[in-house]
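Chains as they are written, first to last, in the numbering used here: chain X, 1 to 356; chain U, 1001 to 1356.
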């Protein structure tokens, strides 16, 4: 167990934005919101899955919507309202919270309700990265029920979904209400047992995010190569380096969708990389040849400082390095690939694991 | 109190389709479904608001969606599932049910859960006609809370909205989930007290629908003018007679929206009437001059047989008579006109009560 303090937040936000592969919400906004909660409410302890009490009841909380909207219309304490609505509905209290995804802002989201309610959070999440849709959680892939789910907005509206015939149907219903709520809302999922968490969560990803973020900050302070520092913590591969020369981005059906095109520089000239995204980066190709695809992680970082750039902040002219990391084994089983593999996102490609 | 039998259903469906001003769902489909329930489950008693026990708990149930979809994708017993989801959520049982609107199919909707659950229904509704949106109920206009609301589809998905900051927000959220559910779903509203029903429901509209339907059937049997028969029960005005020459209809944002154009025949030639609708007929004009507008009732009936034609069944070439009826006084107060007057539907016109 360790106690999370303000000092950790910036590094977690940076590290989680690397793992978030472009999605999960803006890390800076998430950091500010979590810091405000820690200053205003109680401190938050972090438990590994192994440290959980045997009879723990763990509620997964997260934000849902389009990250492009989330930087203009910031979340408030909706995750706390969603938690309370869920607890009222099921008639039991959470004893710990867990993040839905290790993405920029969502990695920090549980800190806010945890700080208000005085609960610990679990070092882990349901993706080991970020994914755009609710059904793409290891919890559900490995048999944990996806209902009931509670949803809340900042205005005072709430919804509970007592039952959905599949996790994908839960996604459809919750997404449609989220769009009405202004494209940003927070949710809380039915309490999970200690066994369910240990069996299905991707473990230790909060401390991994912290280590990644610290490595970047330390390298910056020492004027060392931040890319090398990242690789020393999470072994991966440099896929490309260059300058953003084109960007399509649209907020549609509740997501930030689009494509970024990067012209190669240095060793990578005159090649061109394009990356397609749906909140998260999904598929990266060089001159039409796929080099990395979902569920493996595709991360765009600032070449000079190693800071991850989430999809809503991509901009023409940025000099970027594109990194690839192998996904956690829980995301690469046959049943996982059905839900989070290339075909689940509408691509015809067969998944080929990234070789590092 | 009277006992509702199979013999009443056809007349109620016809009468309610007159009151439904084109909406409320297909009356024939509604009649078949209610008949099936009465044959399979228990008989259903009808109570006037005056006959309710003082401590009654009355749940309003109804269908939501686009009537055009409802004739291809019929509702099943979702209203019963919505009722049970609502009862489970609030922790109390309904003692009676009430219709949300006196429209073709929705007028009969409560019969299905009432027959399954062995409950009586109340002779009344929340509109005295049909309207397309949830917030347009006299219950809410006169201060009854619009939450919680339970929603269910035919597949096994359900949603509960514990709170919405306004009835219009409830409409937005419930409509968006309905669209995902396939554009047809059923809902149940928080139980109401006897006082709330007596104070805010439009009373005796189920028996009015029955009288109207019987008048049409009797006139048909006796080869008398069915229009005269209708007027003898609900005094109104013949607005126009002619032949449908154009029809625009699109299913969009969860509604059947469109416009019908009618060329005058006989005394009405060479005039042309156009009627715009959103599930229900909203505004009728002759040669560009408004002659009747919401909340007053605009009803299109078959000229020969007096049978009402709902908006999803309008067709080129039909010979029709357009009738206007004054809305119930509960719909014409200043606070009601804010919610169900022309401006609430986006029309610039001042409401002018229909003179009969």
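Just so you know, even glycine gets a beta-carbon here, dropped at the ideal spot from N, CA and C.
| Check | Outcome |
| --- | --- |
| Opposing strand residues paired with residue 58 of chain X [DSSP bridges] | X/96 and X/192 |
| Cβ separation of residue 244 of chain X and residue 175 of chain X, assumed to be a contact under 8 Å, to the nearest whole Å | Not confirmed; about 29 Å, so no contact. |
| Below-9 Å beta-carbon distance, residue 156 of chain X vs any chain U residue | yes |
| Whole-number beta carbon distance between residue 1042 of chain U and residue 1214 of chain U, since they are thought to touch under 8 Å | With 8 Å as the limit, residue 1214 of chain U and residue 1042 of chain U do not qualify as a contact, their Cβ atoms being about 25 Å apart. |
| Minimum C-alpha distance to residue 1138 of chain U - residue among U/1112, U/1161, U/1163 and U/1102 | U/1102 |
| Minimum C-alpha distance to residue 1235 of chain U - residue among U/1195, U/1159, U/1110 and U/1296 | U/1296 |
| Outcome for residue 1221 of chain U when other beta-carbon atoms lying within 10 angstroms are tallied against a minimum of 16 | exposed |
| Residues sharing a beta bridge with residue 976 of chain U, DSSP | With chain U running from 1001 to 1356 in the structure shown, residue 976 of chain U is simply not present. |
| Proximal residues of chain U, C-beta to C-beta of residue 136 of chain X below 9 Å | Result: empty, since nearest Cβ-Cβ is about 18 Å, beyond 9 Å. |
| Minimum Cβ-Cβ distance from residue 76 of chain X to chain U less than 9 Å | no |
| Given 8 Å, three or more beta-carbon pairs between the stretch 59-74 of chain X and the stretch 245-265 of chain X | yes |
| Residue 1302 of chain U - partner residues in DSSP beta bridges | U/1320 |
| Short CB-CB distance (under 9 Å) between residue 1173 of chain U and chain X | yes |
| Below-9 Å beta-carbon distance, residue 320 of chain X vs any chain U residue | no |
| Cβ neighbour criterion (16 or more within 10 Å) applied to residue 270 of chain X | exposed |
| CB contact flag (residue 1159 of chain U, residue 160 of chain X, <9 Å) | yes |
| Identified DSSP bridge partners for residue 134 of chain X | DSSP output for residue 134 of chain X lists no bridge partner at all. |
| Own chain residues within Cβ distance below 7 Å of residue 167 of chain X, not counting five before or after | 134, 135, 140 and 146 |
| C-beta contact flag for residue 1325 of chain U and residue 1237 of chain U at 9 Å | yes |
| Near-chain X residues of the stretch 1163-1189 of chain U (beta-carbon distance less than 7 Å), N- to C-terminal order | 1163, 1164, 1165, 1169, 1172, 1173, 1176, 1177, 1179 and 1180 |
| Listed by chain order, chain U residues near residue 161 of chain X by CB distance under 8 Å | 1157, 1158, 1159 and 1160 |
| Span separating the alpha-carbon of residue 231 of chain X from that of residue 172 of chain X | 37 Å |
| Cβ pair residue 110 of chain X, residue 47 of chain X closer than 9 Å | no |
| Short Cβ contact (9 Å threshold) for residue 1275 of chain U with residue 1347 of chain U | no |
| Within-9 Å CB hit, residue 89 of chain X to chain U | yes |
| Member of X/332, X/343 and X/323 whose CA lies at the smallest distance from the CA of residue 356 of chain X | X/323 |
| Contact list for residue 85 of chain X against chain U, beta-carbon separation under 9 Å | 1162 and 1163 |
| Entirely enclosed alpha helix (DSSP H) segments - the stretch 117-190 of chain X, minimum 4 residues | 138-141 and 167-180 |
| C-beta contact flag for residue 144 of chain X and residue 99 of chain X at 9 Å | no |
| Where residue 334 of chain X falls, given that 16 or more other Cβ within 10 Å makes a residue buried | exposed |
| Counted within 10 angstroms of its Cβ, other Cβ atoms place residue 1358 of chain U as buried (16 or more) or exposed | Residue 1358 of chain U is absent from the model: chain U starts at 1001 and stops at 1356. |
| According to DSSP, residues forming a beta bridge with residue 1250 of chain U | U/1257 |
| Selection from U/1332, U/1225, U/1278 and U/1268 that minimises the alpha carbon distance to residue 1302 of chain U | U/1225 |
| Nearest-angstrom Cβ-Cβ length linking residue 1188 of chain U and residue 1082 of chain U, presumed shorter than 8 Å | 4 Å |
| Validate contact between the stretch 1073-1091 of chain U and the stretch 1004-1021 of chain U using beta carbons, cut 8 Å, 3 pairs | no |
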